[in-house]
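Here's the structure, in structure tokens; my notes come after.
Residue numbers (my numbering), protein chains in the order written: chain A, 21 to 297; chain B, 44 to 265.
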């Protein structure tokens with residue numbers, strides 16, 4: 021029963037563990053995106069030098085702006101050519117299709133303030149000489165929402181599986197308790213306190229929970245290794261650089277402690293129930 | 044040392060297992076409690092080590108009424124009373140040494156002292172050679188000696204024995220009683236529930252006879 025329970029608990033911990041791992045990596049990606057938020061202000065081709073100069077002053081006066089960098093039409097084209105992406109098409113085009121732009125770096129204090137960023141983008145859009153403003157708002161909002169959903173689903177599944185783990189351990193401990201009822205009666209008769217009799221069962225529950233957590237962590241590590249081996253562990257996707265990581269040691273330890281705590285809790289519940297029978 | 048005043052215990056309404064028991068047992072005394080099946084011998088011992096609670100009366104041990112002892116204090120009382128059971132009550136998956144040492148572990152005795160004292164007691168009951176055996180590898184007499192060793196290892200002031208020779212032949216029974224007498228010689232108060240007439244004859248001591256839950260005689264064995 022003990023082996024069966026531990027295996028069942030390990031397996032049931034893998035799914036929320038995997039979800040947590042996915043969430044952890046996604047959150048890391050979002051954090052790195054947030055840290056690099058830039059507003060790209062694209063200028064109209066007909067914008068005059070005076071328009072550009074006035075726009076520069078307006079942007080610099082904004083409280084959330086850390087710095088700005090101007091890229092002229094020629095430089096934009098040059099940079100695109102340097103990237104080596106389909107220069108053939110570019111050569112066939114008449115004139116320079118690239119707009120001049122301001123790259124506006126946002127102060128860290130307001131990087132997570134979606135409302136401010138949206139209002140700033142709207143204000144700049146309405147400024148004379150501005151063609152459009154991009155800052156990946158939709159993408160960031162989508163990621164934030166996605167993270168929230170994953171967090172909620174993870175919490176619900178975690179709660180459900182937490183209850184499952186507690187129930188499985190409680191059942192195991194209860195069976196072990198009944199199997200050793202004769203022994204416990206002897207202990208009681210020769211002067212053992214309740215704590216002395218019960219402590220081994222609490223420890224057993226904690227140990228089972230810890231072992232199950234450790235096993236599920238090992239399996240997750242294996243799955244992670246497979247994913248990392250078959251799909252690059254780091255790289256760039258849609259212009260966003262990413263770096264996958266397994267749980268850091270602190271989170272692994274936390275998961276082990278969590279598993280042990282659930283196990284001990286399962287034992288405690290089991291012992292309380294036995295008491296009330 | 045042990046005083047019982049008007050002690051009554053019911054398992055069934057209107058059918059007391061023990062009724063109005065009054066008894067005084069002096070420190071270091073060796074006392075037999077006799078009577079047929081259902082006379083109340085085991086119940087009397089159980090009341091003393093608080094495995095059962097008296098419905099009426101007082102049971103004083105060293106001046107303290109154990110009949111009203113709080114459940115959380117019962118283990119402390121039991122650590123000062125050694126109990127020898129007819130069915131030995133040894134833990135089968137533990138070795139002889141571990142079974143005896145368990146009583147000391149429960150009393151939170153330091154490991155070094157446990158090692159020393161368990162060795163002494165196993166020597167006393169003649170089981171040093173069997174210290175690593177499991178109970179089921181021992182004869183009935185040997186198992187009872189392990190039980191005796193466990194009962195006395197904490198040097199209790201009182202030892203209760205409930206039909207300690209119920210499962211043994213006469214020769215082994217006398218061996219066990221001699222062992223109990225030796226322990227009593229060291230000053231331990233000994234209460235032995237038995238109906239082994241042969242032993243009573245060969246080792247005369249004070250005897251309290253019970254019948255249907257009442258004391259019918261209290262005096263020396265003939």
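Cβ coordinates follow ideal geometry from the N, Cα and C atoms, glycine included. Remember, it's a predicted structure, so these values are computed and weren't measured experimentally.
From the options, pick the residue whose C-alpha is nearest to that of residue i; which is it?
i                      : options                    : result
residue 52 of chain B  : B/212, B/76, B/88          : B/88
residue 79 of chain B  : B/257, B/143, B/160, B/212 : B/257
residue 133 of chain A : A/160, A/223, A/209        : A/160
residue 139 of chain B : B/245, B/166, B/248, B/213 : B/166
residue 230 of chain A : A/295, A/186, A/201, A/195 : A/186
residue 31 of chain A  : A/52, A/279, A/113         : A/279
residue 106 of chain B : B/146, B/84, B/120, B/162  : B/120
residue 77 of chain B  : B/251, B/262, B/255        : B/251
residue 125 of chain B : B/56, B/96, B/234          : B/234
residue 47 of chain B  : B/82, B/56, B/108          : B/108
residue 294 of chain A : A/242, A/272, A/197, A/86  : A/197
residue 213 of chain B : B/227, B/203, B/195, B/246 : B/246
residue 211 of chain A : B/70, B/114, B/146         : B/146
residue 96 of chain A  : A/119, A/80, A/42          : A/119
residue 263 of chain A : A/46, A/121, A/76, A/33    : A/46
residue 200 of chain B : B/220, B/226, B/137, B/113 : B/226
residue 205 of chain B : B/162, B/215, B/127, B/216 : B/127
residue 237 of chain A : A/227, A/201, A/248, A/276 : A/276
residue 35 of chain A  : A/228, A/268, A/241, A/289 : A/241
residue 167 of chain A : A/37, A/288, A/51, A/29    : A/51
residue 231 of chain B : B/81, B/215, B/194, B/219  : B/194
residue 223 of chain B : B/211, B/62, B/86, B/203   : B/203
Answer with buried or exposed for residue i, where buried requires no fewer than 16 other C-beta atoms within 10 angstroms of its C-beta.
i                      : result
residue 274 of chain A : exposed
residue 173 of chain B : buried
residue 111 of chain B : exposed
residue 178 of chain B : buried
residue 260 of chain B : exposed
residue 239 of chain B : buried
residue 173 of chain A : exposed
residue 75 of chain B  : buried
residue 103 of chain A : exposed
residue 205 of chain A : exposed
residue 131 of chain B : buried
residue 42 of chain A  : exposed
residue 179 of chain A : exposed
residue 138 of chain A : exposed
residue 188 of chain B : buried
residue 73 of chain B  : buried
residue 228 of chain B : exposed
residue 241 of chain B : exposed
residue 262 of chain B : exposed
Interface residues of chain A around residue i at Cβ under 9 Å?
i                      : result
residue 132 of chain B : 202, 205, 206, 209, 210
residue 121 of chain B : 208, 209, 210, 211, 212
residue 1 of chain B   : Residue numbering for chain B in the displayed model covers 44 to 265; residue 1 of chain B lies beyond these limits and cannot be assessed.
residue 193 of chain B : 210
What is the C-beta distance between residue i and residue j, in whole angstroms, given that I count them as a contact (C-beta under 8 Å)?
i                      : j                      : result
residue 133 of chain B : residue 190 of chain B : 6 Å
residue 68 of chain B  : residue 44 of chain B  : 6 Å
residue 104 of chain B : residue 122 of chain B : That pair is no contact at about 13 Å.
residue 170 of chain B : residue 185 of chain B : 6 Å
residue 237 of chain B : residue 264 of chain B : The pair is not a contact, with the Cβ atoms about 11 Å apart (cut-off 8 Å).
residue 26 of chain A  : residue 232 of chain A : 5 Å
residue 102 of chain B : residue 50 of chain B  : 6 Å
residue 193 of chain A : residue 286 of chain A : 7 Å
residue 213 of chain A : residue 118 of chain B : 5 Å
residue 83 of chain B  : residue 60 of chain B  : 5 Å
residue 71 of chain A  : residue 146 of chain A : Not a contact, Cβ separation roughly 13 Å.
residue 40 of chain A  : residue 90 of chain A  : The pair is not a contact, with the Cβ atoms about 44 Å apart (cut-off 8 Å).
residue 59 of chain A  : residue 153 of chain A : 6 Å
residue 192 of chain B : residue 219 of chain B : With 8 Å as the limit, residue 192 of chain B and residue 219 of chain B do not qualify as a contact, their Cβ atoms being about 12 Å apart.
Listing by chain order, which chain A residues have their CB less than 7 Å from the CB of residue i?
i                      : result
residue 118 of chain B : 211, 212, 213
residue 90 of chain B  : Going along chain A, no residue has its Cβ under 7 Å from residue 90 of chain B, so there is no contact; the nearest lies around 14 Å.
residue 113 of chain B : Those do not exist, as residue 113 of chain B stays about 12 Å from chain A at its closest Cβ, beyond 7 Å.
Taking residue i as the query, report the chain B residues whose CB atoms sit under 7 Å from its CB, ordered along the chain.
i                      : result
residue 216 of chain A : 149
Taking Cβ-Cβ distances shorter than 8 Å, what residues in chain A pair up with residue i?
i                      : result
residue 126 of chain B : 209, 210
residue 145 of chain B : 207, 210
residue 94 of chain B  : 209
Give, in chain order, every unbroken run of the beta strand (DSSP E) that is at least 3 residues long and sits entirely within the segment 123-195 of chain B.
Those beta strand (DSSP E) runs which fall completely within the segment 123-195 of chain B and span 3+ residues are 124-127.
Which residue spans inside the segment 197-250 of chain B form an unbroken beta strand (DSSP E) run of at least 3?
201-205, 232-236
As an exercise, report each continuous alpha helix (DSSP H) stretch of at least 4 residues that is fully enclosed by the segment 76-136 of chain A, in chain order.
Taken in chain order, the complete alpha helix (DSSP H) segments of 4 residues or longer contained in the segment 76-136 of chain A are 93-103, 107-112.
Only counting runs of 4 or more residues, tell me where the alpha helix (DSSP H) segments fall wholly within the segment 78-126 of chain B, in order along the chain.
84-91, 117-121
Mind pulling the alpha helix (DSSP H) runs of 4 or more residues that sit fully within the segment 152-221 of chain A?
157-199, 201-209
Entirely within the segment 29-68 of chain A and at least 3 residues each: give me those beta strand (DSSP E) ranges in chain order.
58-63
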